[in-house]
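Taking numbering that gives the first Met the number 0, the leading residue of the sequence shown gets 0, the next gets one more, and so forth. Report on the structure given below.
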Amino acid sequence: MNKKILLDTNILLDAAMGERPGWAAATLLIDEVAFSEVEGYVAALSLKDVYYVLTKYADEVAARQFIGALMELFEVVAVDSAICRSALESDEKDFEDGLVRACAETVSVDFIISRDERAFARSSIKRLSAQEYVDLFCDCREIEF
Numbered sequence: 000m001n002k003k004i005l006l007d008t009n010i011l012l013d014a015a016m017g018e019r020p021g022w023a024a025a026t027l028l029i030d031e032v033a034f035s036e037v038e039g040y041v042a043a044l045s046l047k048d049v050y051y052v053l054t055k056y057a058d059e060v061a062a063r064q065f066i067g068a069l070m071e072l073f074e075v076v077a078v079d080s081a082i083c084r085s086a087l088e089s090d091e092k093d094f095e096d097g098l099v100r101a102c103a104e105t106v107s108v109d110f111i112i113s114r115d116e117r118a119f120a121r122s123s124i125k126r127l128s129a130q131e132y133v134d135l136f137c138d139c140r141e142i143e144f
């Protein structure tokens, strides 16, 4: 059975920015989506946030290229009124985490991949870090750079 995962914004930023602590595991995880039978999802709001940060980190062209690459690999989950209502009524302390959780629950992923250890604790979907996912399900291990 194929696994379905939704990557949180912090994992996408880890993959985009090489000096972040989770870069290697996040990159391996994106490779899993690209080259295996893992189905990858991202919330539309995460793309907006990644774009904003990358325009400050690199430039607008690089940000658009990265977002385009993500859109080729991942299914984008729309943030609509129902998602917003679900997030508002959830027990997530952070509204943005509630939005990500509602997106993940809407498409019934198996795991939310996030470095935020406090988020998604009460979700019906288990949260794993990128490294935890790689350790559990991939044939590779984090490479030290």
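Note that beta-carbon positions come from the ideal geometry of N, C-alpha and C, so glycine has one too.
When you compare only the Cα positions, how much space is there between Asp109 and Lys3? 5 Å
Please tell me whether Phe73 and Ala15 are closer than 7 Å, where the distance is taken between their beta carbons. no
In chain order, what residues of the same chain have a beta carbon less than 8 Å from the beta carbon of Ser35, not counting five sequence neighbours either side? none
Skipping 5 residues on each side, what residues in its chain have a beta carbon closer than 8 Å to that of Val41? Leu5, Leu6, Leu11, Leu69, Phe73, Glu74, Val75, Val76
Using the beta-carbon count (16 or more within 10 Å), is Phe94 buried or exposed? exposed
One question on the structure: do Leu28 and Ala129 come within less than 7 Å of each other, judged by their Cβ atoms? yes
DSSP three-state assignment for Val108, whether helix, strand or coil: coil
If you follow the beta strand (DSSP E) that Gly147 is part of, which residue opens it and which one closes it? Look at the range of the chain in this structure, 0 to 144, and you will see that residue 147 is not part of it.
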